[in-house]
Amino acid sequence: MGRKAAREVAVKLLYQMEIQKDNREEQIQTALNENENELTSKDKKYITDIIKGVYENIKNIDELIKKYSKGWEFNRISKVDLSILRLSIFEILFREDIPYNVSVNEAVEIAKKYSSEGAGAFINGILSNLSKQKA
16 MGRKAAREVA VKLLYQMEIQ KDNREEQIQT ALNENENELT SKDKKYITDI IKGVYENIKN
76 IDELIKKYSK GWEFNRISKV DLSILRLSIF EILFREDIPY NVSVNEAVEI AKKYSSEGAG
136 AFINGILSNL SKQKA
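Those letters in the sequence shown? Residues 16 to 150, per the working numbering, in order.
Listed below in structure tokens is the structure:
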């Protein structure tokens, strides 16, 4: 499947988990089963690691989103954008094997594909502000 497509599956799963607060492990397994034919074992590991990592660090990640989404109330950020931001911020902070610019570019592309017009710029702005502080 490849990392790009696996990233999209992870974003969709994060979105689903934000809407349905059911058993996370069960939701992960269902998503992996639904994409069984397209996913390699490496893709499955990436998706599982990302989802678990986001939820283990969600308070910290959400605080960063609140901090860098200037002029936006956290609860007004769309669930799609929130899912994309959570994934990309987790990658930036905790996945040294993924270059920063790849995380940002992929987040913007996913936003253009799945979110509203202007979401790519919104996400790019938050991630750019985060990177300036991280540097």
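Glycine residues also receive a C-beta, built at the ideal position from the N, C-alpha and C atoms.
Count the other C-beta atoms from every protein chain shown that fall within 10 angstroms of the C-beta of residue i, then say buried if there are 16 or more, exposed otherwise.
i	result
G133	exposed
I73	exposed
S56	exposed
E121	buried
D112	exposed
R91	exposed
A25	buried
G151	Residue 151 falls outside the range modelled here, since the chain spans only 16 to 150, and no answer is possible.
F137	buried
S84	buried
S98	buried
S143	exposed
With a threshold of 8 Å on Cβ separation, who are the neighbours of residue i within its own chain once the five nearest residues in sequence on each side are excluded?
i	result
L28	Q42, I43, A46, I62, I66
R101	L29, V69, I73, I76, D77, I80
S93	S130, S131, A134
F89	D77, I80, K81
Excluding sequence positions up to five away, which residues of its chain have a Cβ less than 6 Å from the Cβ of residue i?
i	result
E130	Here the sequence assigns Ser to residue 130, which means Glu is not the residue at that position. Result list for S130: V95, D96, in chain order.
A126	I99, A134, G135, I138
Please go through the same chain and pick out, in chain order, the residues whose beta-carbon is closer than 7 Å to the beta-carbon of residue i, but skip the five residues on each side of it.
i	result
K59	L47
E71	none
Q31	Q42
**Prompt:** Does the region 20 to 36 come close enough to the region 63 to 70 that 3 or more CB-CB pairs lie under 8 Å?
**Reply:** Taking 8 Å as the limit for Cβ pairs, the verdict is that the region 20 to 36 does touch the region 63 to 70.
**Any alpha helix (DSSP H) of 4 or more consecutive residues that is wholly inside the region 36 to 74** = DSSP runs (the alpha helix (DSSP H)) wholly in the region 36 to 74: 39 to 49, 56 to 71.
**Prompt:** Quick one: any contact between the region 34 to 41 and the region 100 to 109, if contact means 3 or more CB pairs under 8 Å?
**Reply:** No, because fewer than three Cβ pairs between the region 34 to 41 and the region 100 to 109 fall closer than 8 Å, the two stretches do not touch.
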